[in-house]
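2 protein chains.
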Amino acid sequence: MSTYQHIVLASRPNGVVSVDNFRLESAPIPSISAGQVLVRNHYLSLDPYMRMRMEDVKSYAAPQALDAVMVGGTAGEVVASNNPKFAVGDKVVGMLGWSEMGVDDGSMLKKVDTTHIPLSAYLGAVGMPGMTAWYGLTQIIKPKEGDTIAVSAASGAVGGVVGQLAKARGCRVIGIAGGKEKCSYVMDELGFDACIDYKGGNLYKDVKAAAPNGIDGLFENVGGVVMDAVLARMNPFGRIALCGLISGYDGEPMPIHNMRVLLSMRLTLQGFIVSEHMELWPQGLTETGTLVATGKIKYRETIADGLSKAPEAFLGLLRGKNFGKQLVKLI
Amino acid sequence: MSTYQHIVLASRPNGVVSVDNFRLESAPIPSISAGQVLVRNHYLSLDPYMRMRMEDVKSYAAPQALDAVMVGGTAGEVVASNNPKFAVGDKVVGMLGWSEMGVDDGSMLKKVDTTHIPLSAYLGAVGMPGMTAWYGLTQIIKPKEGDTIAVSAASGAVGGVVGQLAKARGCRVIGIAGGKEKCSYVMDELGFDACIDYKGGNLYKDVKAAAPNGIDGLFENVGGVVMDAVLARMNPFGRIALCGLISGYDGEPMPIHNMRVLLSMRLTLQGFIVSEHMELWPQGLTETGTLVATGKIKYRETIADGLSKAPEAFLGLLRGKNFGKQLVKLI
Numbered sequence: 001m002s003t004y005q006h007i008v009l010a011s012r013p014n015g016v017v018s019v020d021n022f023r024l025e026s027a028p029i030p031s032i033s034a035g036q037v038l039v040r041n042h043y044l045s046l047d048p049y050m051r052m053r054m055e056d057v058k059s060y061a062a063p064q065a066l067d068a069v070m071v072g073g074t075a076g077e078v079v080a081s082n083n084p085k086f087a088v089g090d091k092v093v094g095m096l097g098w099s100e101m102g103v104d105d106g107s108m109l110k111k112v113d114t115t116h117i118p119l120s121a122y123l124g125a126v127g128m129p130g131m132t133a134w135y136g137l138t139q140i141i142k143p144k145e146g147d148t149i150a151v152s153a154a155s156g157a158v159g160g161v162v163g164q165l166a167k168a169r170g171c172r173v174i175g176i177a178g179g180k181e182k183c184s185y186v187m188d189e190l191g192f193d194a195c196i197d198y199k200g201g202n203l204y205k206d207v208k209a210a211a212p213n214g215i216d217g218l219f220e221n222v223g224g225v226v227m228d229a230v231l232a233r234m235n236p237f238g239r240i241a242l243c244g245l246i247s248g249y250d251g252e253p254m255p256i257h258n259m260r261v262l263l264s265m266r267l268t269l270q271g272f273i274v275s276e277h278m279e280l281w282p283q284g285l286t287e288t289g290t291l292v293a294t295g296k297i298k299y300r301e302t303i304a305d306g307l308s309k310a311p312e313a314f315l316g317l318l319r320g321k322n323f324g325k326q327l328v329k330l331i
Numbered sequence: 332m333s334t335y336q337h338i339v340l341a342s343r344p345n346g347v348v349s350v351d352n353f354r355l356e357s358a359p360i361p362s363i364s365a366g367q368v369l370v371r372n373h374y375l376s377l378d379p380y381m382r383m384r385m386e387d388v389k390s391y392a393a394p395q396a397l398d399a400v401m402v403g404g405t406a407g408e409v410v411a412s413n414n415p416k417f418a419v420g421d422k423v424v425g426m427l428g429w430s431e432m433g434v435d436d437g438s439m440l441k442k443v444d445t446t447h448i449p450l451s452a453y454l455g456a457v458g459m460p461g462m463t464a465w466y467g468l469t470q471i472i473k474p475k476e477g478d479t480i481a482v483s484a485a486s487g488a489v490g491g492v493v494g495q496l497a498k499a500r501g502c503r504v505i506g507i508a509g510g511k512e513k514c515s516y517v518m519d520e521l522g523f524d525a526c527i528d529y530k531g532g533n534l535y536k537d538v539k540a541a542a543p544n545g546i547d548g549l550f551e552n553v554g555g556v557v558m559d560a561v562l563a564r565m566n567p568f569g570r571i572a573l574c575g576l577i578s579g580y581d582g583e584p585m586p587i588h589n590m591r592v593l594l595s596m597r598l599t600l601q602g603f604i605v606s607e608h609m610e611l612w613p614q615g616l617t618e619t620g621t622l623v624a625t626g627k628i629k630y631r632e633t634i635a636d637g638l639s640k641a642p643e644a645f646l647g648l649l650r651g652k653n654f655g656k657q658l659v660k661l662i
């Protein structure tokens, strides 16, 4: 093998993303200079934030460049190293993008221990999604025992961890997910107290029934009507960690009508991105890592097979077709 | 005079408030028991929050009861006292409602010094509106020198103080108000750096032009399209003090479309009501009182003459017909 494959952004979406926005390319395997590390990626992480990067708008990160390798978290193995900190065979996570291989100077690579935790989990419950869950819950929502916490996209890589961390803190946890199957998983496997199927047609009533004492904290991944329904039941001084707004990522209108609740209930809402809070990563990783290694945080993965399947899997993620963490297996 | 007049809530509004929702009544002047104080009110304060109280919905305060005297702040003079802490002739502020007179046990009355500050200002710049401005700006927005701060309803009793306090902190201050006359006042008299007429038809462009470096803090009194236009220019880590949403108080839909900015710019939004933060009142009063007494905070009043004019004046306030603090003069 003298070449490897990667996927670039071919064009920006005009509304809904299509597979035509991506292009699979081959490139010769690079040679590495002093200090560099060559990584063979085993897994590619697909995440909703990538949708925002595809737009050429002001946001928390520069837009994904056209004709450049799509941004993305990766987990893999060092196959060549000119860097004393990394040896061939080391398992590493990085941000090497939608690509079978990648070169890094080591500054963006992190060695991980796969003795008790599988490599793929470092892209999920003990990776960026897990840290996102931990940060939003513990640093913004700050739940107290007995609080009722709502989580949208509850079966997803972030939402599932949010709920399990909240349960571990003695909270009543209400998930919102799309479809009966996901809701059963959220309740039966992840141990949430209730889960509302937002496709069930009774969102407001169902939220009210699931939260007889109102809602003290909301971890929001979706926005739009799902967020409005939870807002309607928020208690005074409730906290909202605004993590994602996937319902509007394709440009659909996503108005919030219950703004008045933010005032009347004196709520605090904070938008965040976990990568700006890396100083807390060790603290969060200690908690989530221990809970994952001991089986107390459960998670599920949906795995697409091979890089060429990444665009289709990404489209599915935006439609909620995945179940738990969406990965692409590269080897 | 053996009777006095007061106004009760006769019916709840069905959408837009009308004068028919109120009823003027006469009552005999009460005799006072031990510990009580009888106050002749000189001024009644009219404030947007009263509109929310008229609805029978869950909010930060119990709804205004039907057939009871409308809630409201008052400034007046003690005319009879069985309470050693109050003497006849003392000037006091209280919450005696839409009423020419009121009885209090003293716990809700505060003596005020009118040597350097006129009595009416204790319902405005050095009263609840001024403290609201001070709290939202200093405790939620926390402006730094050089920040750009936007204030909606900028010519109002709260907005005018917000902007002048922010100017005193070295900020660039942008007001939003309805009409050229209000905007001229906001800039020329209150000293804001810019003021946008939201009726001018170019809200988004005007905000952009007035805030070439973006907006770091928003003091929101209005909601709806006004808030959306400011959201579109918010800088990373901006803070929003959500004080009022007057554009929706009559039940008009008031969706916010730019929720995505809260996420992409990692904003913090906090709804608040100043009466829950009374422990900071002395600190706020020291600052605003000094600035008002020395003429460094300017304000304007719109004064309706006589209690019977209160309903009409209140309707005008909700339509932005007032200029500065809306008062009713009772004596």
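Protein chains in written order, with my numbering: chain A, 1 to 331; chain B, 332 to 662. C-beta: ideal position from N, C-alpha, C; glycine also.
is_contact[residue i, chain B] using C-beta, thresh 8 Å
i         : result
A:Phe-272 : yes
A:Tyr-60  : yes
A:Gly-284 : no
A:Gly-223 : yes
Amino acids of chain A, ordered along the chain, whose beta-carbon sits closer than 9 Å to that of residue i
i         : result
B:Ile-587 : Pro-255, Ile-256, His-257, Met-259
B:Met-596 : Lys-58, Ser-59, Tyr-60, Gly-271
B:Leu-294 : Past the edges of chain B, shown from 332 to 662, lies residue 294 of chain B, and the structure says nothing about it.
Residue of the options minimising C-alpha distance to residue i
i         : options                                    : result
A:Thr-114 : A:Ser-2, A:Gly-191, A:Leu-123              : A:Leu-123
A:Asp-305 : A:Thr-3, A:His-42, A:His-257, A:Ala-34     : A:His-42
B:Gly-366 : B:Pro-543, B:Leu-649, B:Asp-436, B:Val-402 : B:Asp-436
B:Leu-646 : B:Gly-615, B:Ser-333, B:Leu-377, B:Leu-355 : B:Leu-377
A:Ile-303 : A:Gly-289, A:Lys-325, A:Leu-285, A:Ile-240 : A:Lys-325
B:Leu-468 : B:Gly-458, B:Gly-494, B:Ala-452            : B:Gly-494
A:Glu-181 : A:His-257, A:Ser-2, A:Lys-321, A:Ala-121   : A:Lys-321
B:Ala-452 : B:Glu-386, B:Val-492, B:Pro-543            : B:Val-492
B:Met-558 : B:Gly-403, B:Arg-650, B:His-588            : B:His-588
A:Lys-199 : A:Ser-107, A:Lys-296, A:Gly-179            : A:Gly-179
Cβ-based neighbour list, residue i, same chain, cut-off 7 Å, excluding 5 preceding and 5 following
i         : result
B:Phe-590 : Looking at the sequence shown, residue 590 of chain B is not Phe but Met. Excluding positions up to five away in sequence, the list is empty.
B:Ile-448 : Val-457, Gly-620, Val-623, Ala-624
B:Glu-520 : Lys-629
CB contact flag (residue i, residue j, <8 Å)
i         : j         : result
A:Val-8   : A:Val-69  : yes
B:Pro-359 : B:Val-434 : no
B:Thr-405 : B:Leu-427 : yes
B:Val-348 : B:Asp-581 : yes
A:Phe-272 : A:Arg-300 : no
A:Val-78  : A:Val-93  : no
B:Leu-534 : B:Ala-508 : no
B:Leu-638 : B:Gln-395 : no
B:Ala-456 : B:Ile-577 : no
A:Val-274 : A:Met-101 : no
A:Tyr-60  : B:Arg-597 : yes
A:Gln-139 : A:Leu-280 : yes
B:Ile-472 : B:Gly-532 : no
B:Asn-552 : B:Gly-575 : yes
B:Trp-308 : B:Ala-641 : Outside the modelled stretch of chain B, which goes from 332 to 662, sits residue 308 of chain B, for which no answer is possible.
A:Ile-149 : A:Ala-80  : no
B:Leu-616 : B:Pro-379 : no
A:Asp-90  : A:Lys-110 : no
Short CB-CB distance (under 8 Å) between residue i and chain A
i         : result
B:Pro-567 : yes
B:Thr-463 : no
B:Lys-459 : Per the sequence presented here, residue 459 of chain B reads as Met, with Lys not at that position. No, no contact with chain A.
B:Leu-576 : yes
Neighbour list for residue i in chain B, Cβ cutoff strictly below 8 Å
i         : result
A:Ser-81  : Those do not exist, as A:Ser-81 stays about 36 Å from chain B at its closest Cβ, beyond 8 Å.
A:Thr-268 : Thr-599, Leu-600, Gln-601, Gly-602
Residues that residue i contacts on chain A, provided the C-beta gap is smaller than 7 Å
i         : result
B:Leu-593 : Leu-242, Leu-269, Gly-271
Neighbouring residues, chain B, relative to residue i (Cβ below 9 Å)
i         : result
A:Met-52  : Arg-591, Leu-594, Ser-595
A:Gly-248 : Met-590, Arg-591
Neighbourhood of residue i by C-beta, 8 Å cutoff - its chain only, sequence neighbours within 5 removed
i         : result
B:Ile-527 : Ile-505, Gly-506, Ile-507, Ala-508, Cys-514, Leu-534, Asp-537, Val-538, Ala-541
B:His-608 : Tyr-466, Gln-470
Neighbourhood of residue i by C-beta, 6 Å cutoff - its chain only, sequence neighbours within 5 removed
i         : result
A:Ile-331 : His-42
A:Gly-76  : Val-39, Arg-40, Asn-41, His-42
A:Lys-85  : Gly-106
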